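Enquirer: Here you go, one structure.
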Amino acid sequence: MRDGDDDSTLAPGQDLDFVDELSEYLDVLSSPTRLRILKIIERRPRDAKEISRAVGTSYENTKKHLNRLLLAGLIRKEAGSSAETVTGVHPVWKYSLVQGGLEMVIQNLGIFGNLGIAADGSGVSLRLREMKDRLSSAFFGGTPIILVVGGEEDGRTVPLRYEQYAVGRADAAGSPADGETIALAPSYAAVSRVSRPHCLLKRLGGTWHVKDAGSTGGTMVNTVPLRKNEMRPLLDGDLIDLARGPQGARLLFSVPPPASGEDGLDET
11 MRDGDDDSTL
21 APGQDLDFVD
31 ELSEYLDVLS
41 SPTRLRILKI
51 IERRPRDAKE
61 ISRAVGTSYE
71 NTKKHLNRLL
81 LAGLIRKEAG
91 SSAETVTGVH
101 PVWKYSLVQG
111 GLEMVIQNLG
121 IFGNLGIAAD
131 GSGVSLRLRE
141 MKDRLSSAFF
151 GGTPIILVVG
161 GEEDGRTVPL
171 RYEQYAVGRA
181 DAAGSPADGE
191 TIALAPSYAA
201 VSRVSRPHCL
211 LKRLGGTWHV
221 KDAGSTGGTM
231 VNTVPLRKNE
241 MRPLLDGDLI
251 DLARGPQGAR
261 LLFSVPPPAS
271 GEDGLDET
């Protein structure tokens, strides 16, 4: 920087190192085979030979994909035993999803997309959106979801299947008569009690909205505070802050596309 220039911070899309690292992160998830492996081990651990047969690729190729997923922190391997064969039962490595791993990936992609990755030669911004949509659709269907970002419940996922939700702390009982409650742990000390919720999420005309429920800490959408009685529509990737500071709560709103069954992730 030359003397006298303004000290400005580069936007994420202008940081070449950031874009390169993000591109590598997306590369891990871009393989249909690796996504199929995640779907195959979603419900129970399997060994490499079982996964190889289910995916329909060689054992050696399966191991390469498993190693990439291990390095990305999406799966883990633990000692187990094989199915019984003519030669008996043998020790094997069993692969399973890391708890909350997929939710964390969708959360990361949603936050990066919300921050606005500038147009770039490698198309990272478009890949961000496409990958988040593919993962959300394959593992959560077409249901909008709320992801808790940070704090004790970081990575928690709540599918929005009802028409209305009251959001607040879990230290009191009760929920709206025509909806449900998203109860957050007491460690989110700035969030009002559930019996007098911090905010309301409500679906109106097919669009989800958020409204502050008279909280003391306030409710912000993408850092912009809600006005009194304002019912603000939510867009995919919006970040909802319940109060400010480390003891508040941050929620990511995500709208997966309808599951089409065309992404090849069904278990075989």
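Going by this note's numbering, the sequence shown opens with residue 11, and the numbers climb by one from there. Cβ coordinates follow ideal geometry from the N, Cα and C atoms, glycine included. Remember, predicted model here, so these are calculated numbers, not experimental data.
#1: Could you compute how far the alpha carbon of Ile50 sits from the alpha carbon of Gly228?
#2: Taking its Cβ as the centre, do 16 or more other Cβ atoms sit within 10 Å of Gln109, making it buried, or is it exposed?
#3: Would you please state the rounded distance, in angstroms, between the beta carbons of Ile192 and Ile156? I believe it to be under 8 Å.
#4: Considering just the uninterrupted stretch of the alpha helix (DSSP H) at Pro42, what are its terminal residues?
#5: Would you please state the rounded distance, in angstroms, between the beta carbons of Glu190 and Lys221? I believe it to be under 8 Å.
#6: Answer with buried or exposed for Tyr35, where buried requires no fewer than 16 other C-beta atoms within 10 angstroms of its C-beta.
#7: If I follow the unbroken alpha helix (DSSP H) through Ala93, where does it start and stop?
#8: For Glu163, I'd like the list of residues in its chain whose CB is within less than 6 Å of its CB, leaving aside the five on either flank, ordered along the chain.
#9: Just the Cα atoms here: how many angstroms apart are Glu31 and Arg171?
#10: Quick one: is Tyr105 buried, meaning 16 or more other Cβ sit within 10 Å of its Cβ, or exposed?
#11: If you follow the beta strand (DSSP E) that Thr217 is in, where does it begin and where does it stop?
#12: Where does Glu190 fall in DSSP's three states?
#13: Go ahead and pull the three-state DSSP assignment for Ala58.
#14: Relative to the C-alpha of Ala176, which candidate in Tyr69, Arg237, Val201, Arg86 has its C-alpha closest?
#15: In chain order, what residues of the same chain lie with their CB nearer than 8 Å to the CB of His219, ignoring the 5 residues before and after it?
#16: With Tyr105 as the anchor, note down where its alpha helix (DSSP H) starts and where it stops.
#17: Going by CA-CA distance only, name the one from Pro101, Leu261, Thr153 that's closest to Glu173.
#18: With a 10 Å radius around its C-beta and 16 neighbouring C-beta atoms as the bar for buried, classify Leu107 as buried or exposed.
#19: Can you give the beta carbon distance from Gln257 to Ala199, rounded, assuming they're within the 8 Å contact cut?
#20: Quick check on Glu88: buried or exposed, where buried means 16 or more other Cβ atoms within 10 Å of its Cβ?
Expert: Checking against the coordinates, here is how it stands:
#1: Here the question's residue 50 lines up with position 40 in the sequence shown. Here the question's residue 228 lines up with position 218 in the sequence shown. When rounded, the distance between both Cα atoms is 42 Å.
#2: Within the sequence shown, residue 109 is the residue found at index 99, counting from 1. Gln109 comes out exposed.
#3: Position 182 of the sequence shown holds residue 192. Position 146 of the sequence shown holds residue 156. A Cβ-Cβ separation of about 7 Å places Ile192 in contact with Ile156 under the 8 Å criterion.
#4: Translated into positions along the sequence shown, residue 42 becomes position 32. 42-50 is the extent of the alpha helix (DSSP H) around Pro42.
#5: In the sequence shown, the residue the question calls residue 190 occupies position 180. In the sequence shown, the residue the question calls residue 221 occupies position 211. About 16 Å; that fails the 8 Å criterion.
#6: Counted from its first residue, the sequence shown places residue 35 at position 25. Buried is the call here.
#7: To locate residue 93, count along the sequence shown from 1; it is residue 83. Careful: Ala93 lies outside any alpha helix (DSSP H) and carries neither H nor E.
#8: Taking the sequence shown and counting its residues from 1, the one referred to as residue 163 is at position 153. Same-chain partners within the cutoff: Ala195.
#9: Counted from its first residue, the sequence shown places residue 31 at position 21. Counted from its first residue, the sequence shown places residue 171 at position 161. Within the model, the alpha-carbon separation for Glu31 versus Arg171 is close to 35 Å.
#10: The residue given as residue 105 occupies position 95 in the sequence shown. Tyr105 counts as buried, since at least 16 other C-beta atoms from the protein chains shown sit within 10 angstroms of its C-beta.
#11: Within the sequence shown, residue 217 is the residue found at index 207, counting from 1. Its beta strand (DSSP E) spans residues 217-222.
#12: The count along the sequence shown starts at 1 and reaches residue 190 at position 180. DSSP, reduced to helix, strand and coil, places Glu190 within a strand of the structure shown.
#13: Residue mapping note: residue 58 aligns to position 48 of the sequence shown, counting from 1. Look at Ala58 here: in three-state DSSP terms it is helix.
#14: The residue given as residue 176 occupies position 166 in the sequence shown. Among Tyr69, Arg237, Val201, Arg86, the Cα nearest to that of Ala176 belongs to Val201.
#15: Residue 219 sits at position 209 when you count from the first residue of the sequence shown. Non-local beta-carbon contacts of His219 in its own chain, meaning distances under 8 Å to residues more than five positions away in sequence, involve Leu211, Lys212, Arg213, Met241, Arg242, Pro243, Leu244 in chain order.
#16: Counting from one through the sequence shown, the residue named residue 105 turns up at place 95. No alpha helix (DSSP H) holds Tyr105; the beta strand (DSSP E) holding it covers 101-107.
#17: Within the sequence shown, numbered from 1, the residue matching residue 173 stands at position 163. For Glu173, the nearest C-alpha among the options comes from Thr153.
#18: The residue given as residue 107 occupies position 97 in the sequence shown. Within a 10 Å sphere around the beta-carbon of Leu107 sit 16 or more other beta-carbons, which makes this residue buried.
#19: The count along the sequence shown starts at 1 and reaches residue 257 at position 247. The count along the sequence shown starts at 1 and reaches residue 199 at position 189. Between Gln257 and Ala199, the beta carbon gap of about 4 Å places them in contact (Cβ cut-off 8 Å).
#20: For the purposes of this step, residue 88 is taken as the residue at position 78 of the sequence shown. Classification of Glu88: exposed, given that the 10 Å Cβ count is below 16.
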